[in-house]
Amino acid sequence: MVIDVLYFAWLRERIGHPRERIETEAVTVRDLVAQLAAMDDWHASALSDLKAVRVAVDQELTDLDAPLAGAREIAFFPPMTGG
Amino acid sequence: MVIDVLYFAWLRERIGHPRERIETEAVTVRDLVAQLAAMDDWHASALSDLKAVRVAVDQELTDLDAPLAGAREIAFFPPMTGG
Amino acid sequence: MPARLQAEAFDLATELQGFGSGAGAVVTFSGLVRGEDGRLTGLEIEHYPGMTEKALESYGLEAARRFHLSDWMIIHRHGRLEVGETIMMVATAARHRAAAFEGAEFLMDWLKSRAPFWKREITADGPGQWVEAKDTDEDALSRW
Amino acid sequence: MPARLQAEAFDLATELQGFGSGAGAVVTFSGLVRGEDGRLTGLEIEHYPGMTEKALESYGLEAARRFHLSDWMIIHRHGRLEVGETIMMVATAARHRAAAFEGAEFLMDWLKSRAPFWKREITADGPGQWVEAKDTDEDALSRW
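Chains as they are written, first to last, in my numbering: chain G, 1089 to 1171; chain R, 1089 to 1171; chain X, 20 to 163; chain H, 20 to 163.
Have a look at this one:
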């Protein structure tokens, strides 16, 4: 399947772009992270410490074990600092 | 000694006036309450349920056992309902 | 003076101009006259002149000290107020939100039960019952 | 819409006009850009377009439901802000003060850690460090 992957804040900066379209067979978010981290050093560096990474599937916060079936947009970002 | 005694809210209404000057030998607030309650039915009625009465000596909240020595102004009133 | 007692209405926006400059968090609380489904036309607020001003200032200073507030303000009205009017406000400013919230709640709990104000209901027939103090307001003080 | 995201500055007083009509208690919280003793000139706030709006609205509706708020409002800015500017505000209205305070604190705890905003410091030299999330903000959520 094809999904849009988005990055924010310092994840976006380390990877070098805010969004990319990815062809994947990943079943869970964790599978997708493994695929992305294997793409190049920038992805590997941005996704190396998963405790510092939050994830949203189709704009809903979730966790690494969330299934990807039917998802169109996955976002990775650091812990949020609004308010 | 001579002190000013003030009443507020429904205590003021039951007693019929907002303030009076009282000659007293009372040692504590409780002694003064006994003297006032003995004056007439209006005072007796207003001061009959002491759980519903709060007291301030010289504009500081205190309790019935507070000493009166040196006090100039004693106020009696119901529980407060500001804010 | 950050603590003020007055009969006149006040405007929240005007009062807040320049308030809390340099702080990261500002909390305001406003208390309004409720109509109680049309039963009331307003409230009459009696107070103890002299003691009231001292009480407001002392609770404000205590809140500033306990919660490290960089700024605080209390305005409380007395006299006759119509339904919908603002009875009083407190504002607190601090570096972070927890202190600003706690300072405002502390002030409100103290003002409700320890500042010498008494509210009386006004209905279409004129002055009515004195508002009774609530046990929950007295209990609220025990947390500080 | 009671939840709003915008780059432009807003005015607390204008936003509060008519807010909480009929309520007895109104609480507001405003978050301001701190200068950190002159170290910063401002903040840049990044967000996740689409998700942000949905998150603000869903937390607002949840607060209204849990605390029986008669009215609520969230405004959050994004983009470049100078020191002293207002980053965001929440307002809550309820019959009594406890619900208005709790609703506002609930909203702030959720917005701080669960709404997709990221702050970056701006110094005289330009964009600096990303602000790090605080464990205390994460912990604050556990009380609800």
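Where a beta carbon is used, it is the ideal one built from N, C-alpha and C, also for glycine.
Asked	Found
Does T71 (chain H) come out as helix, strand or coil in the three-state DSSP assignment?	helix
What is the rounded straight-line gap between the Cα of P1166 (chain G) and the Cα of E27 (chain H)?	25 Å
By how many angstroms is the C-alpha of R133 (chain H) removed from the C-alpha of A1097 (chain G)?	15 Å
Within 10 angstroms of its Cβ, does W91 (chain H) collect 16 or more other Cβ (buried), or is it exposed?	buried
Looking only at C-alpha atoms, which of H:E121, H:E157, H:L31 sits nearest to R84 (chain H)?	H:E121
Just curious, the beta strand (DSSP E) that R1109 (chain G) is in, first and last residue?	1107-1111
Please tell me whether L51 (chain H) and T111 (chain H) are closer than 7 Å, where the distance is taken between their beta carbons.	no
Does F86 (chain X) get closer than 7 Å to chain H when you measure Cβ to Cβ?	no
I want to verify the contact list: residues of chain X whose CB lies under 7 Å from the CB of G1171 (chain R), in sequence order.	G50, M107, M127, L130, K131
Look up W149 (chain H) in the DSSP assignment and say whether it is helix, strand or coil.	strand
Quick check on the DSSP output: the alpha helix (DSSP H) that includes F120 (chain H) runs from which residue to which?	116-133
Could you give the uninterrupted runs of the alpha helix (DSSP H) lying entirely in the stretch 65-110 of chain H, keeping only those of 4 residues or more?	70-86
Would the stretch 87-103 of chain H count as touching the stretch 58-75 of chain H if we require 3 or more Cβ pairs under 8 Å?	yes
Count the CB pairs spanning the stretch 65-77 of chain H and the stretch 128-143 of chain H that are closer than 8 Å, and state whether there are at least three.	yes
Output yes or no for whether 7 Å exceeds the beta carbon distance between G39 (chain H) and V45 (chain H).	yes
Note down, in chain order, each residue of its chain lying with its Cβ closer than 8 Å to the Cβ of D1151 (chain G), except the 5 sequence neighbours on either side.	V1117, V1143
So what does D1092 (chain G) bridge to, in DSSP terms?	G:R1109, G:E1161
Just how far apart, CA to CA, sit A119 (chain H) and P1155 (chain R)?	41 Å
If the criterion is Cβ atoms closer than 7 Å, does the pair E1108 (chain G) and V1093 (chain G) meet it?	yes
W91 (chain H) CB to nearest chain G CB: under 7 Å?	no
Using beta carbons (cut-off 7 Å, strictly below), is G69 (chain X) in contact with chain R?	yes
Ignoring anything shorter than 4 residues or poking outside the stretch 1097-1157 of chain G, list the alpha helix (DSSP H) runs there in chain order.	1097-1103, 1117-1125, 1129-1134
Does the distance from the CB of I1103 (chain R) to the CB of W1130 (chain R) come in under 7 Å?	yes
So that I know if they touch, is there some Cβ in chain H lying closer than 7 Å to that of R53 (chain X)?	yes
Grab the span of the beta strand (DSSP E) containing I51 (chain H) for me, first residue to last.	Just to set this straight, residue 51 (chain H) is Leu in the shown sequence, not Ile. Unbroken beta strand (DSSP E) run through L51 (chain H): 44-51.
Let's see if you can read the secondary structure: which residues bound the alpha helix (DSSP H) around T172 (chain X)?	There is simply no residue 172 (chain X) to check, as chain X begins at 20 and stops at 163 in what is shown.
Going by C-alpha distance, which of X:R96, X:H95, X:G79, X:I94 is nearest L88 (chain X)?	X:G79
Between X:T71, X:E151, X:D128, X:W129, which has its C-alpha nearest R139 (chain X)'s C-alpha?	X:E151
Using Cβ-Cβ distances below 7 Å, what residues of the stretch 133-156 of chain X are close to chain R?	R133, A134, P135, F136, W137, K138, W149, V150, A152
Check the C-beta distance from G34 (chain H) over to I94 (chain H) and give it rounded, since I have them as a contact under 8 Å.	Correcting the residue type first, residue 34 (chain H) is Glu in the shown sequence and not Gly. About 6 Å; that satisfies the 8 Å criterion.
So L35 (chain X) is in the alpha helix (DSSP H); what residue range does that whole segment cover?	31-35
Need the endpoints of the beta strand (DSSP E) that T142 (chain X) sits in, please.	136-142
Taking R23 (chain X) as the reference, which of X:Q36, X:V109, X:D56 has the closest Cα?	X:V109
According to a CB-to-CB cut-off of less than 7 Å, which residues of the stretch 1136-1164 of chain R neighbour chain X?	A1144, Q1147, L1149, A1163
Assuming L59 (chain H) is part of the beta strand (DSSP E), what are its boundary residues?	Unbroken run through L59 (chain H): none, as it is neither H nor E.
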